[in-house]
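Structure first, commentary second.
Numbering (the UniProt record's numbering), first residue to last: 1 to 149.
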C-alpha cells in the first residue's frame, strides 16, 4: 500500500484454468472459494523503504458483500466464457470491472495448454485472476475509513 492506504498493485487471487472447464460455475469455482474469506494484512509498499522498516497495518478478515460477489461473478463469467470459447489470447487487462485475467509466468517460455479459436489445443502463457486496484481500494477504504477518491 502507499502512504495514503491505496493498493500499489493488483491482487493475485489464483491461477486460471484454461482447459477442463465443462460444468464449472461461479459457486464451484476456485476463484470464489479463494475469495470467500480473505485475510488482508496491509503492508507499506514503498520500495524505497527497506522491508524490515515497513509498517504493517491492522489485519482485516473480509468476505464479499452480496454486491461484491455479484460484481466478481459477472467478471468471472465473462472471462470464463472467453476462455471456453477459445478467446483466451484476446483477453486484456481491460476486461472485467473488478476482476481481471493476466499472464502469470516468470518468463515467456513457461507455456500451458488452452483452447484455440477453432477449438484446437494451443500453447499459451499461464493466466491468473487478479483483483483490480479500484476494487481492493474501495473495500479497504470502507473497512479502514480511508478517503476513497
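All C-beta atoms in this analysis are idealised placements derived from N, C-alpha and C, irrespective of residue type, glycine included.
- Query: Considering only C-alpha positions, which residue in the set 97, 14, 6 is nearest to residue 103?
  - Reply: 14
- Run the CB neighbour count on residue 96, radius 10 Å, all protein chains shown included, and call it buried at 16 or more, exposed below. buried
- For residue 97, the three-state DSSP class (helix, strand or coil): coil
- Message: Taking a contact to mean a Cβ-Cβ separation below 8 Å, would you say residue 80 touches residue 88 in this structure?
- Response: no
- Given a threshold of 16 other Cβ atoms within 10 Å of its Cβ, counted over all protein chains shown, does residue 98 qualify as buried or as exposed? buried
- Nearest neighbour of residue 11, chosen from 41, 22, 28 [CA to CA]: 41
- Express the C-alpha separation of residue 133 and residue 16 in angstroms, rounding to a whole number. 19 Å
- Could you tell me the distance, in whole angstroms, from the CA atom of residue 47 to the CA atom of residue 84? 39 Å
- Query: Relative to the C-alpha of residue 39, which residue among 58, 91, 127, 74 is closest?
  - Reply: 58
- Query: Buried or exposed: where does residue 154 fall if 16 or more other Cβ atoms within 10 Å of its Cβ makes it buried?
  - Reply: Not covered by the structure: residue 154. The range shown for the chain is 1 to 149.
- Can you give the Cα-Cα distance for residue 118 and residue 19, rounded to whole angstroms? 14 Å
- Item | Check whether residue 100 and residue 106 have beta carbons under 8 Å apart | no
- Task: Quick one: grab the DSSP three-state call for residue 28.
- Result: helix
- Beta-carbon contacts of residue 114 that lie in its chain and below 6 Å, excluding the five residues immediately before and after: 18, 88, 122, 124
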